[in-house]
Amino acid sequence: MESTTRSRTILVVGGGISGITTAVEAAEAGHDVVLVEKSPTLGGRVAQLNRYFPKLCHPTCGLEINFQRIKKSRRIKVFTMATVAAVKGGAGGYTVTVKTSPRHVKPNCTACGDCGRAATSEIANPFNYNMDKVKAAYLPHTMAFPMRYVIDGSVAGTPEGEAIKAACKIGAVDLDEKEETFDVEVGAVVWATGWRPYPAEKLTAYRYDLPNVITNVEMERLASPDGPTKGKILRPSDGQAPKKIALIQCAGSRDLNHLAYCSRICCLASMKHAAYVREQLADAVVDVYYIDLRAHDKLESFLLRVKDDPQVRFVKSKPARIDPGAGDNPILCGENTLTREVYAEPYDLVVLATGMQPSTAEGDMPAFDGDLDDYGFIFPEGETISAGVAAGPLDVSMSVQSATAAALKAIRATMA
Amino acid sequence: MSERNTGVYLCSGCGIGEALNMDALEKVSKSEYKLEPKSHACLCSDEGVGMIRSDIEGGVNQVIVAACSARVMTDRFAFEPNTLIRADLREKVIWSHPAGDEDTQMLAEDYLRMALASAPKINPPTPWIEGEYSQRICVLGGGVTGLNAALEAAAVGHDVLLIERSDRLGGWAVDASKRLPHRPPYAQPEENNIADLVAKVQGEGKITVRMGVTVTRTAGMPGKFAVTLSDGAVEDVGAIVIATGWRPYEAEKLGHLGYGASPDVVTNVQFEAMLKEGRPTRKSDGKALKSVAFVQCAGSRDPAHLPYCSNTCCATSLKQALELIETDPTTNCFVIYEEMRTPGTAEELYRTAQSAGVIFIKGKVKAVGSDLTVTVADELVQEEIPLQGLDMVVLATGMVPNSTNTMLPSEAGENPQLHGDVDPEAPIKVAGYAGEAPPAHERREQVVYEGASLLNLQYRQGPHLPVLHDGFADSHYICFPYETRRSGIYTCGPVRRPMDWAEAEEDAQGAVMKAVQAVRSAAAGAALHPRVGDLSYPKIGLNQCTKCRRCTVECPFGAIDETEEGFPSVNSTRCRRCGTCMGACPVRTISFDNYSVESLVTQIKSVNIPDEFSGKPRLLLIACENDAVPALDMAGIKHNNWSAFVRVLPVRCLGSVSLLCVSEALLGGYDGVMLMGCKAGDDYQCHFVKGSAMAAERLGKIGETLKSMMLEPERVVQVEASIADADRLPKVIDGFVEQIMAIGFNPMKGF
Amino acid sequence: MSQAASPTPKQKYDLNFARWVYENVDGGDRMALCMQCGTCSGSCPIGTQMDYGPRKLFMMIRAGLKEKVLTSNTLWNCVSCYNCVVRCPRKVPVTYILHDLATLAVREGYAEATHSDNALFAKAFWWSATKYGRTDERLVTAKYYFAFGMSEGYKRGMANMKIALGMVRTKRMHIGMPHKVKETSELHKILAKAAEIEARNNNK
Amino acid sequence: MTTKISTKIISYYPGCSSQASGAHLDTSLKAVMPKLGVELKEVRDWNCCGASVGHIAGGHVPVAALSGRNLANAKEDGTTDFVTPCAACYLNSHYTNEKIINDEHVRNDVNEALGAVGKSYDGSMKVRHICEVIAKDVGMDAVKAQVKNPLGGIKVAGYIGCQTVRPFAKTERGGNWETYDEPHFLDDFISATGATAVPYKKKTSCCGGSVSVMSPDKTLHLIRDIVQEAADNGADVIATPCPLCQTNVEMYQGMINEKFGTHFNIPVVFYSQLFALSFGMDPNKDAALHQHLIPTDVLKARAK
């Protein structure tokens, strides 16, 4: 369809580090931006990370800067709990239908917390990958932006719901809120839909059903001060500090039965996890099971730093399976390819370095009608603009690089 | 500016009204500052904001909002161009201190006083806009990265000056055979399209190409750079994109891998050029290649050579092997590696190479004989194996960044240069606080740069663009990969990080994005990252300046130069508005319209200091607003309590804190002062590179001052805070209070 | 699989044998994709009893260690559970490859192979399968046991006598004439032809 | 009440074990399948498939020719599905059939061999495991409908073994009917009879297969672990679909007790025997529960 009205506005789909970056970079060059995020707050996966490799600094630091940039900018319009339902038109003139799901809290919420105190029931806490619970009226996390509460639909029409409603002095609770859709006219669309951890339950041989087999993203939450254990690394089965931990690389990645590509970040994320453990648990040993250790460019020095620790050992082996062991200790079975030893090693805690799968992999993005590659990534080409992990398995720094580039591509598109 | 007309607005919502005595708060404004406050039960509501807006229509031009933290409701309390001052009674008072408590009330009143007291010192900033601004973007380097950068900048409407030191465009790509795969299905080498790229650039009217020249000097600032070329031409540009790329690690240093032992031991770069000319043959005797070994990490990942991984060598060797097999499937190709690094979708190329029959041998190369026998400690077969009958050995040498121009000698004379990182082993030396400034060489870390600087910046802080320890001109920040320490100058491509062709193309777009912002912001007098859009800038009262040069030395961004007479001269569009100069100035003659030593000191002095008989100490917490203040906010959000004896004074950066703030506080009767800022050192978190390091540096010198005041040095401390310290900081603060109580009250009280 | 004798490498990493395996062994082409992760050897139920295990065996094939490969007990300890096949991240059909290498080892007459339990059992089995068209477990086992020689055969026989008698008692091992197909001559014609084709393939 | 099912005719390939160690599988299947609406039409004059060792002595073409003849005969019988209850037979027949479809050399060789007696085969039969037919075509409702004598209270460890699911169960041509590591069909069968399927993680662990037959010393520990978990989880019996698994796991319990000092004596039966019993059929004539080395009294006691 030939569009008549040109729009300089840019739509960014996804409010993770990539989407945020594309939005602020474009806005700071003088373009209006509509930022659409499906969860209640911005920040995406990085908000759920404890720290970044290699500096072990906190992702929330960079988020704070970016949130400030968004707050200062009058050009960025943010829609949370919103998804893109349809995209019509072409470069320079798109009509995009945005669908918002009910937050049950109006924009005038001051985050005073009265609703949270009134709530009695609890729901699984998505921010902590459901490892703990939150009240049915909750602030997603302390860095939440926008800083507004969310009320779970489950309390609608219950006495608890009424109590929550009554508790709000400024009438910001709306339990009858319904799904809504509206259209925006934009000149370019940037897909920054990010990733999800590859489902560990699909790795049947690795027995994710065992209590002390967890994933790398769960490890991030365990180590985070805002996590389910307040930052203490404890094994789920008995809340004890693990003494012997295994980190399994390529849990899903580089595997034609799962993710054919290398997720790039897992090796370094595991080095970071080794560092978390050794920081907290002086006498703990960490065994890293790997096929190839992949630490690109200067990150090699981070790998070397961890390798210097005699209590972090490296086993060149892709474990074949995990068996349940006594005392809820998972037993790692496989072959050490450098010694030819076939091992069956018990651990207090096993962390699966599951890979990144594009959010678009399972085709849950009806609005995107372009071509996905074989893995489900959106390859940026022609009118299609993608940023960050939506475009390929990238680390944070590379995602920001890609997102900054996407901002320029989008500006070009509006001029097309 | 029109007559100051300040409106004061108190919010009693979110429990503030229940926890505090609002009347008493109003009284502070009324009786102490003669300003009639207005209270509202929910100031951020349409009604509350409406009230403020109608007052603004009625002439109010400065708004004081005493409600929640300045980090929230920013969209509601937005009254530009009128100045806004916010006192945080929620996060930092009622959420972090007991309700209905005398000390909590005093705390709230003091925060209101600080806001009220600062009001007269805070003016709406008038941006620095002067003369002509260039929208033109200069791209340095005509390789893949530079060509893409030039095209991208032109595509979004900017004129481009493309400078290439050689007499041809295209860089290494011209001598390269195929490209690494980059588009789905990522499995096969792709055609080298460098010729089209060059043609595009030459056909683009907005791009001026200058070949065979280098930059001999660069003066000015974003929007106003004057770039002088080796042929004498002087060009005006608004921003600079450095895309000078890489060079192969010197193969001569790889004797241990057989380089030089035989003409048939070549580097991957040499081999690439041979492939471009068709199927290579032995250099020694021209015989066909039947058996070739590729030795990975030739220099890279070797502490004796390059400490880092060069990223592209693994994939490049696979590609080269595939090109050999393509022309003769019977060719034996061996890749000798320690870790096969084909990250992301490059894993497909690895599989392609395997199914094509490339053999992968994991292990270290022990020796390479002149007969090309490569002895490998084969880790998988678990024996030492001599690989015999090879026709050629290809060393996968790594990438060395062209962060300088090694084809030219370094600039004549001494060019002291600040290192890119704050190195603990070599602490930054700043001018002593008494007497003459020490000579230049003592004043700075020395980093010996090989070759000439790329731009020869005419900056007080040296001609080079600071680099990281590994020599790459990359950003120190994970979240902000394009942040260099020279405003308006951005790097991309392999000079920033070892990267392949496709990544460099994208990187060029990213850097151009930043350059476009730089020229547009410069023309508007607005700051760049991280205080994006800040219109204030440092103003220096030269009549009081003692030419001590501390401001020029300490500026992390080299924004301040020195005039012939030795006076500082600010290049406003280079400035990031951190205020480090302001904190450095011993005669405090550097200030911003809305931020000054005075505005800080008046706040410090505005606090009520009870006498010691009250048993209530007062402590000043000077907190960096980047990480420390948000962390305290979040402590409040989590309802973590801390001592109500502490008064938090947010600052732009600890670098902007003049020691005067500390001494004034102690003279004024505070019992202790804590500076709280970002991590310094190698992995620094300071948003302005070395502000917190500078603060520490200065604080190190306060000992004498305290002694002269007969005060214990323990009364002044600096702590590092991260944004994730919401649980830790209250403990730290309370610990400090205990420490001070142990020392006893400040004897200066009441003087 | 071609039965033309496989080439013997002259030196380490002489690829002639590896290439022959890639081309002639069932699934050999995918073997090139092995990235030496160890999943196969690790998931093998009796991997501990293998001298090399599939993973290292594949590397040794590339390294040209033909003799070591074809005399390896790894070939004979495969229990055909197909765990490695379904778990291999590069989809290498490990079991099939081991089966064919075993066949190759027997054909090329490596004593370790020809005297292996499996080879002897296979011989007995094939005798029964082709003679009668159906395998008679009783005859196969007996023939297998006595393939080790009179005394060893007797020993093995006695060791399992209890089981054997039990089987007979429960009518799961019958005495008397072996079961057989009706059209034995038809089957023999087919098999004769098949053997002829096999031989013809081999001398290609 | 019984639900009326339209009868489906399939070519039934029992395999050599059906006339020996696996006789009771054959007997019980022949008893129950008609009740489940499946008529077993035995493959005419079927021969051995070559099993897992045939190729060593025989070579590829002769082994392929063996399955080729069976498939050709079934095809002549005019059915579409070539169904076997034996894991090894399934593996070989399915594999050869796939080769005949995908590899023209094999197709030509096999047909040239069959041609010697004027036979031919084009790969058009669908080779399936009888458990797939029960799980997918028949369905558990039809099974439950036949249960007159629910086996409530009997605890059964469902042990599947390897080749019934690996490597074909999760492939498209294999019908994508099960997973490799956590197949549930057997537990579904067990539950359908009213018995309890105890938790059992060794479902697809290996019993050693033909290596156990040849050299039990190498693999007895595998069988021990298989029986051990069943015992630990309180199983009264172990049920399996695989004739070789049934034999190995049953006949070696004594040897295991001697070697490891255990006291195992757990009956190992086929799902089809449980079906027959729960369908209220004759415990011996139909369920063949008398053909066990380890007495199956716990089941016989429940016969009606």
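Residue numbers (this note's numbering), protein chains in the order written: chain A, 22 to 437; chain B, 351 to 1101; chain C, 79 to 282; chain D, 649 to 952.
Here a beta-carbon is modelled for each residue, glycine too, at the ideal position from N, C-alpha and C.
#1: If you count every other CB in all the chains shown that lies within 10 Å of the CB of F377 of chain A, and 16 or more means buried, which is it?
#2: Put N755 of chain B into one of helix, strand or coil per three-state DSSP.
#3: Note down, one range per segment and in chain order, each beta strand (DSSP E) of at least 3 residues found wholly within the segment 936-1021 of chain B.
#4: Which residues of chain C have a Cβ atom closer than 8 Å to the Cβ of E760 of chain D, listed in chain order?
#5: Would Q646 of chain B count as contacting chain C if we go by Cβ distances under 7 Å?
#6: If we cut at 7 Å on Cβ distances, does I709 of chain B have a partner in chain C?
#7: Can you find a C-beta in chain C that's less than 7 Å from the C-beta of N682 of chain B?
#8: Taking DSSP as the reference, what is the three-state secondary structure of G496 of chain B?
#9: Run through DSSP, which three-state label would K384 of chain B get?
#10: Compare the Cα-Cα distances from A1045 of chain B to each of B:E904, B:G965, B:T923, B:V979 and report the closest residue.
#11: Where does D652 of chain B fall in DSSP's three states?
#12: Buried or exposed: G400 of chain B, going by 16 or more other Cβ atoms within 10 Å of its Cβ?
#13: So P710 of chain D contacts chain C; which residues on that side make the cut at Cβ distance below 7 Å?
#14: In whole angstroms, give me the CA-to-CA distance for A374 of chain A and I235 of chain A.
#15: Determine the contact status of I1083 of chain B and W992 of chain B, defining contact as a CB-CB distance below 7 Å.
#16: Between L668 of chain B and chain C, is any beta-carbon pair separated by less than 7 Å?
#17: Report yes or no: do the segment 310-323 of chain A and the segment 262-275 of chain A share at least 3 C-beta pairs separated by less than 8 Å?
#18: Look at the alpha carbon of G1027 of chain B and the alpha carbon of P980 of chain B, and state the distance between them as a whole number of angstroms.
#19: May I ask you to report which of helix, strand or coil DSSP gives C893 of chain D?
#20: Looking at the structure shown, is A526 of chain B part of a helix, part of a strand, or coil, going by DSSP?
#21: If you measure between the beta carbons of D135 of chain A and A157 of chain A, is that distance less than 7 Å?
#22: Verify whether the separation of the beta carbon atoms of R1002 of chain B and G929 of chain B is less than 7 Å.
#23: Below 7 Å CB to CB, which residues in the same chain sit around L265 of chain C once its five sequence neighbours on both sides are set aside?
#24: Using 8 Å for Cβ pairs, my map puts P915 of chain D next to N881 of chain D. What's the rounded Cβ distance?
#25: For P75 of chain A, which residues in the same chain have their Cβ closer than 6 Å to its Cβ, ignoring the five residues on either side in sequence?
#26: As an exercise, report each continuous beta strand (DSSP E) stretch of at least 3 residues that is fully enclosed by the segment 1022-1097 of chain B, in chain order.
#27: According to a CB-to-CB cut-off of less than 9 Å, which residues of the segment 826-856 of chain D neighbour chain A?
#28: Can you pull out the residues from the segment 118-146 of chain C whose beta carbon lies closer than 9 Å to at least one beta carbon of chain B?
#29: Give me the Cα-Cα distance between A290 of chain A and M788 of chain D, rounded to the nearest whole angstrom.
#30: In this structure, how does DSSP classify D369 of chain A when only helix, strand and coil are distinguished?
#31: Three-state secondary structure (DSSP) at R899 of chain B?
#32: When you compare only the Cα positions, how much space is there between P180 of chain A and K59 of chain A?
#33: Is DSSP giving L511 of chain B helix, strand or coil here?
#34: Under 7 Å, do V171 of chain A and L32 of chain A count as touching if we go by C-beta distance?
#35: Quick check on I675 of chain B - is its C-beta less than 7 Å from some C-beta in chain C?
#36: Using the beta-carbon of each residue, which ones in chain A are nearer than 8 Å to L730 of chain B?
To lay it out plainly:
#1: In the sequence under discussion, the amino acid at residue 377 of chain A is Met, which differs from the Phe named in the question. So M377 of chain A ends up on the buried side.
#2: strand
#3: 969-974, 996-1001
#4: K271, I275
#5: no
#6: yes
#7: yes
#8: helix
#9: coil
#10: B:E904
#11: coil
#12: exposed
#13: L269, A272, A273, E276
#14: 9 Å
#15: yes
#16: no
#17: yes
#18: 11 Å
#19: helix
#20: coil
#21: no
#22: yes
#23: G211, V259
#24: The pair is not a contact, with the Cβ atoms about 15 Å apart (cut-off 8 Å).
#25: L320, F323
#26: 1022-1027, 1066-1070
#27: T827, Y828, D829, E830, K849
#28: R133, K134, M137, M138, R140, A141, L143
#29: 46 Å
#30: coil
#31: coil
#32: 28 Å
#33: strand
#34: no
#35: no
#36: T358, L359
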